[in-house]
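In the numbering used here, the protein residues as written are 15 to 600.
For glycine and all other residues, C-beta sits at the position ideal for the given N, C-alpha and C.
Following: one structure in structure tokens, then a few remarks.
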């Protein structure tokens, strides 16, 4: 099926729609309140028909287009805004930025029109010719342009076999094209330069067949009733003890997931790579680890009646990941949707209705993960967790100010840690134009709060802590509202370079004790092979750095040369000032 929205607006613009969620009507705009400006190309000429997004930091979004003179205007309500422009394969944020976290923000007062003019970044073109093995055009094939493995734009092959991506930012890219039920990746990485055309031709590979067999990782016994989902195929292929057969695959590397679909407690094996040869049947064997199950019952603490739709997630102290989760049914009981790996976990419960969220304790809820009950999961068995005793919810409200004491808008306030780059856990709220926040659905316990500001301040927990376990905890009462005003601290900066840097670079700083994400850097290479970075961080903590290097390698590393957070090297952050750390890969 063709992606008509993507073809019309470009993937980056469509991503803006999705990030905004379902569109909601913006607050009523005061008469004459607007964001307006002009978009020009690198030579200063007006750019017509560019797609303009005017986003309020509270989540409301307005969309419009530039006219023939490159001008646009959007009526808005008073607030603080960011502006992006979508043109061909390019989406950029004012001023001349390619990521939203680096975008400028624009306060708009009642009755005020704020001008936001911008100029498109210099771009290049990537185009080519795609044919079948007999040389005929592969008409209608969808072509995907990827950067660091992530899709950035789509095009289609015309009747003569040609395709083209215009408005492509300089950098390293990959190309893939779809035909029948498979996606074929053109080998290699391709460099796009400004004001130049990069040519990438390809031929549809000859098909091949892959047979996948699943076995127990300990005994080697065949696992029956499992399914294989190839990353380049739309539908899974299921099999039994004799295996699952994937036909008509392209020759070359194939990545896939294997998941037991029966009643067994085997864990899914994801990102398996095989390399079937053309015109042959290749067989691979994938070992599956036997996991365990967790059973949960949720009740009202006061009445003892069972509660449905209480959703729970397994978490490990000191690690940033969420593990398996599930929800209780009408009878108040539930199990994990997927088995969990053997190990020791805590449980976070998202409560339904008027109940408050909690970390599951041995005899009731808590707002502190350290006080949560430890759940031990064993292979092939079901562990019964302590009963979830739900209390009525309360809330915390307050005003967030900067170091100068003035209110700060757009700060995200959350009761849980950021789990990954660019996203906070559900439940976070943003401060309004007066710096005020109200965060509800909290169980009546003492809670730490995470304040995730704009680029001017680092992430910080209540009490200006970088470590959640050292944060000030704010007591919450059932049905009541507690007050906690917060002044942001400037902290320190972790700064240095990444070598080689001739690719997209993403650095994630995790607190060494809690595993929480406490800062990040996201940027692109410049003219040299070194990328300079800077991450604002609350001082006095130790962090562990994870870095993703894009441009084809898709390398995910922990400093220094570690494979996960448990073995990564700790980096001490001073109370104030700058800590310099240069990172080298390869």
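Rounded distance between the beta-carbons of residue j and residue i, thought under 8 Å
{"i": "residue 90", "j": "residue 76", "result": "6 Å"}
{"i": "residue 247", "j": "residue 196", "result": "6 Å"}
{"i": "residue 56", "j": "residue 136", "result": "5 Å"}
{"i": "residue 457", "j": "residue 407", "result": "7 Å"}
{"i": "residue 114", "j": "residue 160", "result": "The pair is not a contact, with the Cβ atoms about 20 Å apart (cut-off 8 Å)."}
{"i": "residue 200", "j": "residue 216", "result": "5 Å"}
{"i": "residue 300", "j": "residue 226", "result": "6 Å"}
{"i": "residue 553", "j": "residue 589", "result": "4 Å"}
{"i": "residue 224", "j": "residue 296", "result": "5 Å"}
{"i": "residue 78", "j": "residue 120", "result": "That pair is no contact at about 15 Å."}
{"i": "residue 346", "j": "residue 291", "result": "No, residue 346 and residue 291 are not in contact; Cβ-Cβ is about 54 Å, not under 8 Å."}
Which of helix, strand or coil DSSP assigns to residue i
{"i": "residue 115", "result": "helix"}
{"i": "residue 435", "result": "Reliability of the predicted coordinates at residue 435 is poor, the pLDDT of 44 falling under 50, and the value obtained from them is presented with this limitation in mind. DSSP places residue 435 in coil when its eight states are reduced to three."}
{"i": "residue 196", "result": "strand"}
{"i": "residue 13", "result": "The structure shown does not extend to residue 13, since the chain is modelled only from 15 to 600, so the question has no answer here."}
{"i": "residue 383", "result": "helix"}
{"i": "residue 580", "result": "helix"}
{"i": "residue 153", "result": "coil"}
{"i": "residue 590", "result": "coil"}
{"i": "residue 213", "result": "strand"}
{"i": "residue 87", "result": "strand"}
{"i": "residue 495", "result": "strand"}
{"i": "residue 74", "result": "coil"}
{"i": "residue 287", "result": "strand"}
{"i": "residue 558", "result": "strand"}
{"i": "residue 248", "result": "coil"}
{"i": "residue 359", "result": "strand"}
{"i": "residue 165", "result": "strand"}
{"i": "residue 585", "result": "strand"}
{"i": "residue 238", "result": "coil"}
Beta strand (DSSP E) segment containing residue i, residue limits
{"i": "residue 471", "result": "First-last for residue 471: undefined, no H or E at that position."}
{"i": "residue 464", "result": "464-466"}
{"i": "residue 481", "result": "Residue 481 -> no beta strand (DSSP E), and no H or E assigned at all."}
{"i": "residue 602", "result": "Here the chain has residues from 15 to 600 only, and residue 602 is not among them."}
{"i": "residue 301", "result": "295-302"}
{"i": "residue 447", "result": "Counting along the chain, residue 447 falls outside any beta strand (DSSP E), and DSSP gives it neither H nor E."}
{"i": "residue 221", "result": "221-230"}
{"i": "residue 393", "result": "Unbroken run through residue 393: none, as it is neither H nor E."}
{"i": "residue 107", "result": "104-107"}
{"i": "residue 420", "result": "Neither: residue 420 is in no beta strand (DSSP E) and is coded neither H nor E."}
{"i": "residue 599", "result": "Careful: residue 599 lies outside any beta strand (DSSP E) and carries neither H nor E."}
{"i": "residue 522", "result": "519-525"}
{"i": "residue 601", "result": "Because the chain is modelled from 15 through 600, residue 601 falls outside the range shown and cannot be assessed."}
{"i": "residue 273", "result": "268-274"}
{"i": "residue 314", "result": "307-314"}
{"i": "residue 403", "result": "402-404"}
{"i": "residue 177", "result": "176-182"}
{"i": "residue 141", "result": "138-145"}
{"i": "residue 129", "result": "127-129"}
Contact set for residue i: own chain, Cβ-Cβ below 6 Å, skip 5 residues either direction
{"i": "residue 398", "result": "309"}
{"i": "residue 414", "result": "422, 425, 445, 449 and 500"}
{"i": "residue 416", "result": "422 and 502"}
{"i": "residue 378", "result": "403"}
{"i": "residue 571", "result": "561"}
{"i": "residue 576", "result": "582"}
{"i": "residue 462", "result": "475, 476, 482, 485 and 487"}
{"i": "residue 351", "result": "340"}
beta-carbon residue i near the ligand SAM non-hydrogen atom, thresh 7 Å
{"i": "residue 234", "result": "Although the ligand SAM was asked about, the structure shown includes no ligands whatsoever."}
Close-in-space but distant-in-sequence residues of the same chain around residue i (CB under 7 Å, 5 per side omitted)
{"i": "residue 586", "result": "556"}
{"i": "residue 33", "result": "Reliability fails at residue 33, whose pLDDT of 35 lies under 50, so the model's placement of it is uncertain and the value that follows must be treated cautiously. If we look at residue 33 and ignore the five residues flanking it on each side, it has no Cβ neighbours."}
{"i": "residue 284", "result": "271"}
{"i": "residue 80", "result": "53, 61, 62, 63, 64, 66 and 86"}
{"i": "residue 524", "result": "334, 530, 531, 532, 557, 558, 560 and 579"}
{"i": "residue 126", "result": "47"}
{"i": "residue 108", "result": "97, 117, 118, 130 and 132"}
{"i": "residue 49", "result": "68, 88, 90, 95, 97, 120, 122, 128 and 130"}
{"i": "residue 504", "result": "417 and 471"}
Residues near residue i in its chain [Cβ-Cβ closer than 8 Å; skip 5 each side]
{"i": "residue 237", "result": "228, 229, 230, 255, 274, 278, 280 and 302"}
{"i": "residue 141", "result": "176, 177, 178, 179, 211, 212, 213 and 214"}
{"i": "residue 511", "result": "544, 545, 546, 547, 596 and 597"}
{"i": "residue 584", "result": "526, 556, 557 and 558"}
{"i": "residue 593", "result": "506, 507, 508, 509, 585, 586 and 587"}
{"i": "residue 357", "result": "330, 390 and 391"}
{"i": "residue 495", "result": "408, 409, 410, 411 and 452"}
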